[in-house]
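Working notes, structure below.
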Amino acid sequence: MTAKAARISGVTPEQRARAKQAVIASSVGNALEWFDIIVYASFAVVISKLFFPSVDGVTGLMLTFGTFALSFVIRPLGAMVLGNYADKAGRKKALTLTILLMMIGTGMMAFAPTAGTIGAWAGVILLASRLLQGFSAGGEFGTSTAFLIEHAPDHKAFYASWQIATQGAAMFLASAFGFGLNTFLSQDSLESWGWRVPFFFGMLIGPVGLYIRMKMSETPEFVEAEVMASPLRTTFTHHLERLLSAAAIVGLATISVYLILYMPTFAVENLDLPSYAGYLGGIISGLVTLIGAPYVGKLADRVGPAAVMTVATVSAIVVAWPMFKILVGNPSVLALTVVQLILGILLAFYFGPLPALLAEMFPTNLRATGMSVSYNIGVTVFGGFAPLILTWLIAQTGSLLAPSYYYMVIGIVSLVGLTFARKRLGQR
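Going by the working numbering, the letters in the sequence shown line up with residues 1079 to 1506, in that order.
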């Protein structure tokens, strides 16, 4: 930004520089969180064989996704503890703690012995790593979004959208690992050591993010805000309707992510497609989200986050069933990739403005708590259990269209939440 432009906008070059640094600091941890989650979901078939070898395919997947789901059960607890800590001690301290915990959880996965080495204890270690990762992730999104929004001098939806862009980057990297490892390694190599490679890579992100966060300054808004005795209690007693509305709004965003992540398993187990098929679409969806989310953020700054998200929600509800009908009727790598591409576009338009919308819904002195708790309730209820529910629905109904029905139902729930936020809470 030139000096003249800075005077016109009222934003100094120093403020702009701090905002860019905040994007990097918040995004690194967010990327690590999502990379770890996506890798685990993407390699579910391999992990189920290695950690639960004594059960059949569907049951092994159910156990693997059940462990995945349990990591989400603890996320609201992490949100309450870490979000409350961020609103009392500061964004910087909370973000330093969350990324440290995430590094430990990812490291446990990278070094975890399988059932072939220690028997049933392998599943216990797997569960412990997921619970630790889930607890730390519970405080990551809300706190890092508050940190980012409060450093942004203007164009808050654009700056906040980088939270989602980095999730697209994580999806791209995780899917690229899945595609490369499944394409170039033998099945024996993949199961003996190949599946660990992405988790070791994830461990490298942690120290970089930790260093960057330790060097950042606290947000000006937090420094100026009055610290509450109990942000958590105040959130539940005075802002419950905002909390529930925000959780409903999160629904479509999180199911879009986890439906994309479920596709590698769906492709192999239900469509008899090659193992690399779902990863190819994940790469494309990740790129669409990485590139598209900031542009959608700019649009949201002009017309309002809720308006953009409402259009995306209606579109998602309308196209869900036809997409899966075509895919199931004509299973191919191309059809699967197109479905994931469409999901990626919907994800960018819906998820991109979401951080800014949630940040507007809660005041500064309980923003981290409000966003963390509402976001993780939504993610847990609508996203964390999605792979488990989808596997169960297909097994029980025998219909491969079941994912589309589930997607549409959650889309309707999010539309209700958005309508409430617009009409009752006055969100743009």
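Backbone N, C-alpha and C define an ideal beta-carbon position, used for all residues, glycine too.
### Task
Taking L1536 as the reference, give the member of A1473, P1091, V1494 and L1419 with the closest Cα.
As shown, the chain starts at 1079 and ends at 1506. That puts residue 1536 outside it, with no answer to give.
- Item | Where the alpha helix (DSSP H) containing S1214 begins and where it ends | That run of the alpha helix (DSSP H) goes W1199 to H1229.
**OP:** Taking all protein chains shown into account, decide if P1285 is buried (16 or more other Cβ within 10 angstroms of its Cβ) or exposed.
**Re:** In this structure P1285 is exposed. Its beta-carbon is surrounded by fewer than 16 other beta-carbon atoms within 10 angstroms.
| request: Counting only runs of 4+ residues fully inside the stretch 1259-1332, write out the alpha helix (DSSP H) ranges in chain order. | output: List check, alpha helix (DSSP H) in window: 1265-1270, 1275-1293, 1298-1302 and 1309-1316.
Practice prompt. Using the Cα positions of P1091 and S1104, report the straight-line distance between them to the nearest angstrom.
Written response: Rounded to whole angstroms, P1091 to S1104 spans 20 angstroms at the Cα level.
| message | Taking the straight line between their C-alpha atoms, what separation do you get for A1084 and L1209? | response | Legend: pLDDT at A1084 = 45, less than 50; position of this residue unreliable, value from coordinates given subsequently. Their backbone Cα atoms lie some 46 angstroms apart in a straight line.
Original post:
Got a sec, what are the start and stop residues for the alpha helix (DSSP H) A1398 sits in?
Top reply: For A1398, the uninterrupted alpha helix (DSSP H) run begins and ends at P1383 to G1407, by DSSP.
Inset, instruction - Would you check if the distance between the CB atom of M1180 and the CB atom of S1207 is smaller than 8 angstroms? - result: In this structure, the beta-carbon distance from M1180 to S1207 does not fall below 8 angstroms.
field: Contact set for L1421: own chain, Cβ-Cβ below 7 angstroms, skip 5 residues either direction
entry: The beta carbon of L1421 sits closer than 7 angstroms to those of S1334, L1337, I1338 and S1363, all from its chain and outside the five residues before and after it, given in chain order.
| query | Closest by CA to K1403, which one among P1383, Y1289 and P1481? | reply | Nearest C-alpha to K1403: P1481.
**Asked** With 16 other CB atoms within 10 Å as the buried threshold, where does N1408 fall?
**Response** With fewer than 16 other Cβ atoms within 10 Å, it is exposed.
Problem - Environment of G1461 [buried if 16+ CB atoms lie within 10 Å] - result: So G1461 ends up on the buried side.
Legend entry - Unbroken alpha helix (DSSP H) run spanning I1182, endpoints: R1169 to F1189 is the span of the alpha helix (DSSP H), which, as asked, contains I1182.
| Does the stretch 1109-1117 come close enough to the stretch 1242-1259 to have 3 or more Cβ pairs within less than 8 angstroms? | Touching, yes, given that three or more Cβ pairs across the two stretches are closer than 8 angstroms.
Identity of the residue in S1323, T1221, I1115 and V1202 nearest T1497 by Cα: The shortest C-alpha separation from T1497 is found at S1323.
- Message: Quick test of the definition: if touching needs 3 or more C-beta pairs under 8 angstroms, does the stretch 1275-1292 touch the stretch 1374-1385?
- Response: Contact fails between the stretch 1275-1292 and the stretch 1374-1385, because fewer than three Cβ pairs, one in each stretch, are under 8 angstroms apart.
> If you compare alpha carbons, which of T1184, G1161 and G1183 is closest to L1173?
Replying inline: It is G1161.
With 8 angstroms set as the bound, which would you pick, yes or no: does the beta-carbon of A1190 sit closer than that to a beta-carbon of chain B? Given the protein chain composition of this structure (a single chain), no chain B is represented.
Margin query: Between which residues of its own chain and G1495 is the CB-CB distance below 6 angstroms, once the five residues before and five after are set aside?
Written below: Within the same chain, and ignoring the five residues on either side of G1495 in sequence, the residues whose Cβ sits closer than 6 angstroms to its Cβ are S1323, A1326 and I1327.
Between the alpha carbons of S1126 and T1142, how many angstroms are there, rounded? Looking at the two C-alpha atoms, the distance is approximately 6 angstroms.
State buried or exposed for G1360, treating a residue as buried only when at least 16 other CB atoms are found within 10 Å of its CB.
-> Buried.
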